[in-house]
Each structure stands twice: as C-alpha cells, then as structure tokens.
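Residues 2 to 273 (UniProt numbering) make up the sequence shown, in order.
Cβ coordinates follow ideal geometry from the N, Cα and C atoms, glycine included.
Because the structure is a prediction, the values reported are computed rather than measured.
What follows is a single structure, written as structure tokens, with notes after it.
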Amino acid sequence: SDTYAVFGNPIVQSKSPVIHRQFCEQTGEDMTYTKQLVAEGEFASAAKAFFTGGGHGLNITAPFKQDAFTYANTLTERAQRAGAVNLLTQQIDGSVTGDTTDGIGMINDMLNLGWELSAKRILVLGAGGAVRGVLEPLLGQNPSELCIANRTASKAEDLARDFHDLGTVSGVSLEDLTGKQFDIVINGTSASLHGALPPLPEHLLGPDAACYDMMYAAEPTIFMRWATEHGATKVADGLGMLVGQAAESFYAWRHIRPEVVPVITQLRRKMS
Ligand code: ATR
C-alpha cells in the first residue's frame, strides 16, 4: 500500500498516525502512515531517503516547517504566503510539491463549530510562524477587520504589510489593544505552551464573542479560561485544527474528504 509519514522532533506525541488510521477506516482507503523522529539539521536527507524509497507523502511538524518549505520543488500559492509547509507530496514526475493545510484546517474547524467569520472583527494574538499560516484563509472569509497584536509590535506590523493586499489588516502592540473590541479572538502565541497569557485589556471581547486557541490540551488552556471569565460565549481549542489539517492532507493524497467530527470526538474522549 502507499506509504506516508509525519516528520518532527519530538514526534512521540504526534496524533497524526491515529487520525489517518481513522480516516482510512472511514473511507476504506488502504495506506500506511507512520511517525518518524528526524534529527535537527537532517530534514532534507531524511525527506530525500523517504521519497526515493517509494514514500508518497509527508506531513511536517515542528521544527521542520521552514525546512520543508525549502525542500519543496514547487509550492502552492498559500504555502508561498505562509512561508511554511506541513504537507509534501511526490508527483508522478518525481518532483515534490509543498502545501500548507494548517490555516484551512483552522477555518474549517471554526465553520464546523458554527462560527460566523464574515463581517466580524477578528483579532489574532501573536506574529510567529503559526499566525502567518492562518492569515490568508482568515482574510478569505471577509472579516470586517483583521488585527494582529504581538508582544513585539514590529513583527505584527511586518505581517500586516505582507498581507495587506488581501484585505483590511493591521499590526499593533498588545498595549494598543486598550479600548478596542473584537468578535473573534484567536490565540496564536506560543505562550500557552508555558502556561502564560499575553496581558490583555478587560473589555476586549464584544457581545457574544468567540475565542479560539490554536493550542490544545486535555484541560481548557489558560487562554480559554481567560475567555470564559471575560464573557466569551464560544470557546474552542486547536484539536479540531489538528484534525482539519490532517483531513486536508488526506484529501490532497487520496482525493476523498474524510469526516472530521467523529475523529475529533474520539480523540477528545481519549485525552480526558
Ligand atoms: P510559532 O511557530 O508557534 O508561531 P514563533 O514563531 O516562535 O512560534 O512565535 C511565537 C509567538 O508567540 C510570537 O508572536 C511571540 O511573541 P514575540 O514575537 O514578541 O516573541 C509570542 N509569545 C511567546 N511567548 C509569549 C508570551 N509569554 N507573551 C506574549 N507573547 C508570547
């Protein structure tokens, strides 16, 4: 059967093999999907060995999304914008295409949750690689406003400049948020990983606001707890984004769109 893998470091924690196994069970597709630990600095040689050894496609997780971007022979437009690749696919001619499905995975999760994005005031916290990857699909939903706020304001300003041709987007400091209000707030900082939260003003959330953490955990994240305490009526973590990016990868490889909701439900049950 066709072989696929996820490359990362660390990799033990990766849920991708479990997710793709469930997609296969759902759809009757026959494929092998494994996880592979790759040493730092050895991404290109490991990818080359995988593809010359008959591998069909790879998912790429931290810290190799930039290496995968460099490795690809051709890039989709959205991967070029994102500056990162989480999906490599070998074409019939042997060339390898790079794509990114993280952003569309997040948008699809929000839409599955019943969140309306169009004409909403959206705030994204953070200006690193994870945020860069979701800006194009977010702007594609036609929010009334997209604001990027970051501890280091210059990085948010740079991002806003890179995406301004796609819609109304601004980059600000966290301090600049005082007095502003949003309908949807997305946490894309890595602060959650360390149990930290960027300092946020009291009245940041508008009525009936929705808050999304790109991180996920067995327990509500610190950002999700902040959101609930500050009046958000809809709160979600990034587990659905993880399954969503996997679903888009599976679709790119197998041309069948799997159901994400039963997979999210089962992963959630196992985590608790
Ligand atoms: P990733 O690939 O996860 O996006 P990254 O590129 O290192 O990782 O970006 C991390 C983001 O989280 C940055 O926006 C960072 O802010 P700075 O640009 O000012 O460094 C943000 N971040 C990390 N820890 C934070 C904290 N404790 N408070 C606020 N922002 C934080």
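Under the rule that a run must span 4 or more residues, the alpha helix (DSSP H) segments found entirely inside the segment 22-53 read 44-53.
When C-alpha distances from residue 91 are compared across 109, 57, 103, the shortest belongs to 57. The way I'd put it, the segment 173-192 does touch the segment 124-138; three or more beta-carbon pairs between them come closer than 8 Å.
Check the Cα spacing between residue 36 and each of 17, 265, 97, 120: the tightest is with 17. Taking a contact as a CB-CB distance under 8 Å, the pair residue 217 and residue 243 counts as one, their CB atoms being some 7 Å apart. Distances from the alpha-carbon of residue 231 to those of 210, 222, 248 put 210 closest. Taking 8 Å as the cut-off, the Cβ atoms of residue 51 and residue 80 do not count as close.
Cβ atoms of residue 161 and residue 145 stay farther apart than 8 Å, at about 16 Å. The C-beta of residue 66 has 16 or more other C-beta atoms within 10 Å across all chains shown, which makes the residue buried.
Spanning the alpha carbons of residue 39 and residue 49 requires a straight line of approximately 12 Å. One thing to note: residue 164 has its Cβ no nearer than 8 Å to the Cβ of residue 173. In chain order, 102, 105, 106 place their CB closer than 7 Å to the CB of residue 249, counting only its own chain and leaving out the 5 sequence neighbours on each side.
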